[in-house]
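Visitor:
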Amino acid sequence: MKTSFYLITIVPSGGKTISAVRVLEEEPIDKLWNQYEMKANGVYRDLKYFNIVQLSRHSIEVQEYLNKKTNPESTHVIPMGKKRPDHGKPDNWKLGDRKPGS
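With this note's numbering applied, the sequence shown corresponds to residues 29 to 130, in that order.
Here you go:
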């Protein structure tokens, strides 16, 4: 199946804007919107703003994303959701890249 780049932006009512580029299977935007908005609502009970848009491969956001993929030292985690109390277990849902060795 064909994939595309998407920019997902989430603003919880009591927090900072979380935004990341993801590579997803290309589907109608309303189907992706429903799927990812449900995931975000499962993590943040009170969303102020949610958006998902398809990006051109040549956009600045995609180029930065690809640079991070080729240079693992520059990747960082953009956490989504609350940390689990058990140390060493992953978060419920991550939107972003993991650092090597974490």
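In this text, a Cβ means the ideal position worked out from N, Cα and C, and glycines have one as well.
Alpha carbon to alpha carbon, how far is Q63 from K51? Give it in angstroms, no decimals.
Guide: It is Val, not Lys, that sits at residue 51 in the sequence shown. Their backbone Cα atoms lie some 15 Å apart in a straight line.
Visitor: How close, in whole Å, do the beta carbons of T37 and N79 come, if the pair is a contact with beta carbons under 8 Å?
Guide: 5 Å
Visitor: Let me make sure I understand the geometry here. Which of L94, G43, S41 and L60 has the alpha-carbon closest to that of S84?
Guide: L94
Visitor: Return the CA-CA distance between R73 and V39, expressed in angstroms with no decimal places.
Guide: 11 Å
Visitor: Please say whether L35 and V49 have beta carbons closer to each other than 8 Å?
Guide: Against a cut-off of 8 Å, the Cβ pair of L35 and V49 comes out as a contact.
Visitor: If we cut at 8 Å on Cβ distances, does D74 have a partner in chain B?
Guide: Considering every chain present, this structure includes no chain B. It has just one protein chain.
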